[in-house]
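Report on one structure; see the data block that follows.
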Amino acid sequence: MLRKSALFCVVLMAFAAITVFIKSAGVATAVAPSSPNATCTWNGGSGDWHDAGKWSCGAVPTADDDVVFGGGANLGTISLNQVAPAKNVSIYANGGTISGTGALNVSGVLSVSSFAELTMVTNGSRVPQLQLSAATGTVIRFTDAALTADSLSAVTSTAQGNGATGLKLGARNVGRLVVVGNFTTNDNMTVTQALSLSGSISSGFMNAATMTLGSGAVMTMTDGAYFFMPFVNDGTVNWIGQQSVYGDVAAKWVNNGVLDIRTVSNGSFINFGQNGLPFTNTRTGVMRVNAIGDLRMGWALSNYGLIEINGSTFWAKDANYNQYDGHTQLNGGAMMGVAKCCGLDNYPIYLYGGTLGGSGTITGGIDNIGGTVILDGVLKVTSFYRQSVTGTLQVTLTNSAEPVRLNVVQRLGVTSNGNLEVGGTLIVNKAAGFSPKSGDRFVIGVAAGNAIGAFQQSTGNMAPAFSGFAGAGQLVVAEANNALLLQAKPNQVKGARGTDNGYTVALFNPTTQTIQVNSVSASIPISFGYKPGSTSGAYTSNPFDFVQNGRRELSFSGVITLAAQARKEFQFGIAISNTAPSGSYPIHLSAQVSGLSNPIKLTDVAVIEVPLGSATGVSIGGGRVVTQGDTSRVLFQRNQTGIFGINIRVGIDCPPNFVPCGNLRDVYVGQKVNGRYVNIIKLTKEAAGNAPEAQYGFWSGFIPGGQFYPGVPEKLFPDWDPHRPCIAYDYGGGGGRPLGCVDTGDDIVTPELFDPSGVIRDSNSQLPIANATVTLYRVPAALPDTPTQTRNCRTLDTRGGSDWGNVSAGSGGLFEQPGFTPAQISPNVNPQITGADGRYGWNVVTGCWYVTVSAPGYLPKISALVGVPPEVTDLDLSLTAGEVPRRFVFCRLCANSSVNGR
């Protein structure tokens, strides 16, 4: 069993005693060579390597000779001031020194075994294979800052008990390294093939060296290990056996490769690291916990990559489990947060980004601050599940009898409230082949305590018809049944500094009763100011305007009465400050419905982008590009994202507030999700002459369809030397953004997915019609049939045929206004323009819907009135070619003339 105290003392002793010699080359003297292929043994005592009389072979060894320092005696001091060739060198001694300005030129193995302190100092030696063996209490040191590049294809270091070996060889690659006991390197070392560790590795006292396992290399830890220096894994680490692995002093881990843990606890904990030293699993890192029994994590873990817990218990013992990106997967395993005192449940797992999914138990809870919890298995969580406004919960429903996916329990014997609190985003999808119907209800989470909160938005292919609701100890996916639908949108999404803008706030009563709404308030950014006299619509007077908690609060007075199924809107204007920093600025809304104890709240909606101002001449291609107001969206059919992508071309200017911008390193495009940038690509600068040059030229690139989040803007970030963007630090590794990095960019385009609702075709040829305009309408107060009740419109199940031919056309509907959040349609675009395939489509909330279609050279058409859910994917329409009918009128001054459209 490795013991920390003994190892620590001996390793520091080895480091502190290493001496560095820097000398000029000596003057060569004539020496007598030995016979070829001889074994030359040192005769003992101090002397000069190149003194022929000191060798048993009667001559100085040559490159063909084996050299032996035997007998286990003390070497004394041996001078080496010239090149000393040898085939193999074997030293078996009781201490001593070999030093000088000369070098060993060994073609085979240098083997050193000592029972007392032994030091070797050379200059420019060649040692292909090095074998060191130190007895208990013994230190062997080898110093050579100019070792040849072909040295150290294999190194074996064995130290008994509290013995140690120490190398000071400059930054060095080692092919194969075997360490048993205590091993020190005072300089950076990279193992390129294989590393076997059963002992400790250190960089010595006050040294900043790092041990790296190179890409493609394999490391094996069997009988435990100690790290007293930073370790970077770019290869594969296999940890087996029943011993713990510790880290102390300057130790930290950076895992860029694969760490496979297959330990066996044998009735006790296996420890991994200690004292909260940093362990970073980067975006390329994979950590698989396949241990039998418990694994206690002493490192302060920051995850950006993949961590799999496969049937094991993973306990964050000394520091919290923090995830900023990547994925944590529980495959029947268990996780435990840091223990608390005083009879309290453990600390939670902290999700600042990335995803967590699978099946297993998490003791201490989940604090989902900005990540995504994927309910693809059954998660049992003690203490609490808490999701903030920047967190996301995702579930895919497969049938009408779904199991409970999230079970929040109270842990026995400790204070554990068992609460389930939601906010932020719900992504709710249906699996292939499953078609949920109006009236379906799915319990996806239960809580032993309270289930509280509300999602700010719902997305996925079941939204917006289905959303999530917390209450009565349950988290339920069902059709919305709110007392009030509160929505908002900006007049212009892009708002430059020093310009005017504004908002429209909509209030919709989805119930069958008249309701009264009061205490409507809007919380806007402090950089925005209300424009007096700008309120119109349902409210007309100026709001009460005050500053609170760093935001401007606008409180509108008066009661708004909403009849059943009625909708009202009001507008107000704002002025954007000349000094507003670039970035995204959402607002918060609140309204009180009479008779309800809690207000209706919306958080982070109606975003206005104050642009950086670096993007010019933007062109987008690759999908169906729809320009809506001052923003562009590109639409992709959901099941074809792996086929298509987005082409981006943009000119780069220096924004006035950045002048001078200096050297432009790169240009990045990415999406900001939960506070960090993901799906990042670099654009390529086009060669001069390809197009008119902007200040920094034109840059272009391609975003694959499977590498974007729908509904999240793609942002552009130039990387100038004096204005480095935060995205540059998210791009390739483990985070670590510096203070002052630029955390804003320019919106370029928003990718959107749609599920086809139908195809627009030519009635004669049955070929798809491109560039047809499809406009979506909703009939107020109308509801679709359920499996047991006939209501206002037919559904896929009640239409009475294989298509919609026998269903009456829609009428009396209201144009569904796009741009509002939370959206009632997805994509949040209306109308749509068909592409070459003639397809269009929306996901919609529960209701009765129809579309109107027009296309150049065709007569317009109105579709059947269809009920959703279940989803409609076959609302195909055929247009007849012909001119729009003209209406003839007679007037006294224009007899016998016709006017088109009158």
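Per the working numbering, residue 146 is the first one in the sequence shown, and the count goes up by one each step.
Every residue gets a Cβ at the ideal spot worked out from N, C-alpha and C, and that includes glycine.
Top-ranked residue by Cα proximity to T264, from A309, G477, V228 and C993
A309
For W200, write down the residues that DSSP places opposite it in a beta bridge.
The partner list for W200 (beta bridge, DSSP) reads W187.
Under a three-way DSSP split, which group does T264 fall into?
strand
C-alpha distance - Y469 paired with T500, whole-angstrom precision
Cα to Cα, Y469 sits roughly 9 Å from T500.
If Q555 sits next to A593, beta carbons under 8 Å apart, how far is it from one beta carbon to the other, in whole angstroms?
By a beta-carbon distance limit of 8 Å, Q555 contacts A593. Their separation comes to about 5 Å.
Could you give the uninterrupted runs of the beta strand (DSSP E) lying entirely in the stretch 813-871, keeping only those of 3 residues or more?
821-827, 843-849 and 859-865
Spatial neighbours of V534 within its chain, please: C-beta separation below 8 Å, excluding the five flanking residues on both sides.
G568, G569, Q601, T748 and D749, listed in sequence order.
Closest by C-alpha distance to A299, when choosing among N327, N951, P423 and M334
Closest option to A299, Cα to Cα, is M334.
Output the boundary residues of the beta strand (DSSP E) element that contains D891.
D891 to F899
Three-state secondary structure assigned by DSSP to D307
A small fix is needed here, since residue 307 is Asn in this sequence, not Asp. Residue state, collapsed to three classes: coil.
How long is the line joining the alpha carbons of N564 and L620, rounded to whole angstroms?
11 Å
Sort out for me which residues DSSP pairs I507 with in a bridge.
Partner(s): M480 and V526.
Inter-residue Cα distance where the pair is F153 and F853
Only weak support exists for where F153 lies, its pLDDT of 40 falling under 50; the coordinates are left without a value.
If you follow the beta strand (DSSP E) that K575 is in, where does it begin and where does it stop?
T570 to K575
At a cut-off of 6 Å, is M607 close to the ligand COA when judged by its beta-carbon and the heavy atoms of the ligand?
This structure lacks the ligand COA; in fact it carries no ligand of any kind.
8 Å contact criterion, which G482 and L496 should meet: CB distance rounded:
About 12 Å; that fails the 8 Å criterion.
Length of the line joining the Cα atoms of T207 and N219:
24 Å
Quick check: what's the CA-CA separation for I721 versus P972?
28 Å
Only counting the same chain, and skipping five residues up and downstream in sequence, which positions put a Cβ closer than 8 Å to that of D379?
T357, L358, G359, S360, A362, N401 and G402
Under the three-state reduction of DSSP, which class applies to Q338: helix, strand or coil?
Three-state DSSP puts Q338 in a strand.
Return the residue from the list E566, T541 and F587 that minimises the CA-CA distance to K100.
With the chain running from 146 to 1047 in the structure shown, residue 100 is simply not present.
Specify, as a first and last residue, the run of the beta strand (DSSP E) that F803 falls within.
Run containing F803: none; DSSP gives neither H nor E here.
Report all residues from its chain with a CB closer than 6 Å to the CB of P976; omit the five preceding and five following residues, and keep chain order.
T918, V919 and T920
Quick one, are the C-beta atoms of G438 and Q474 less than 7 Å apart?
no
Out of V409, I415, I385 and A354, point me to the one whose CA is closest to W398's CA.
Nearest C-alpha to W398: A354.
Sorted by chain position, which residues of the same chain lie with C-beta nearer than 6 Å to L898's C-beta, five sequence neighbours on each side aside?
Take L898, set aside five residues on each side of it, and the residues of its chain with a beta-carbon closer than 6 Å to its own are F781, R783 and P855, in chain order.
What whole-angstrom Cβ distance do Y995 and V1011 have, given they're in contact under 8 Å?
7 Å
Per DSSP, which residues does P635 bridge with? Please list them.
Y648
If you follow the beta strand (DSSP E) that N552 is part of, which residue opens it and which one closes it?
L551 to V554
Thinking S727 and V755 are a contact (beta carbons under 8 Å), I'd like their distance in whole angstroms, please.
5 Å
Cβ neighbour criterion (16 or more within 10 Å) applied to G1048:
What the structure shows of the chain is the stretch from 146 to 1047, and residue 1048 is not part of that stretch, so it cannot be assessed.
Kindly indicate which residue of I978, T425 and W844 has the alpha-carbon position closest to the one of N448.
T425
Would you kindly work out how many angstroms separate the C-alpha atoms of F197 and S278, rounded to a whole number?
In the sequence as presented, Phe is not what sits at residue 197; that position holds Ala. In a straight line, the C-alpha of A197 is about 28 Å away from that of S278.
Give every residue of the same chain whose Cβ lies closer than 8 Å to the Cβ of P548, excluding the five residues on either side of it in the sequence, and list them in chain order.
The residues are V523.
Contiguous beta strand (DSSP E) assignments of at least 3 residues, all confined to the stretch 662-742:
673-675, 689-693, 696-701, 705-707, 712-721 and 728-738
State the Cα-Cα distance for the pair L928 and R936, rounded to the nearest angstrom.
6 Å
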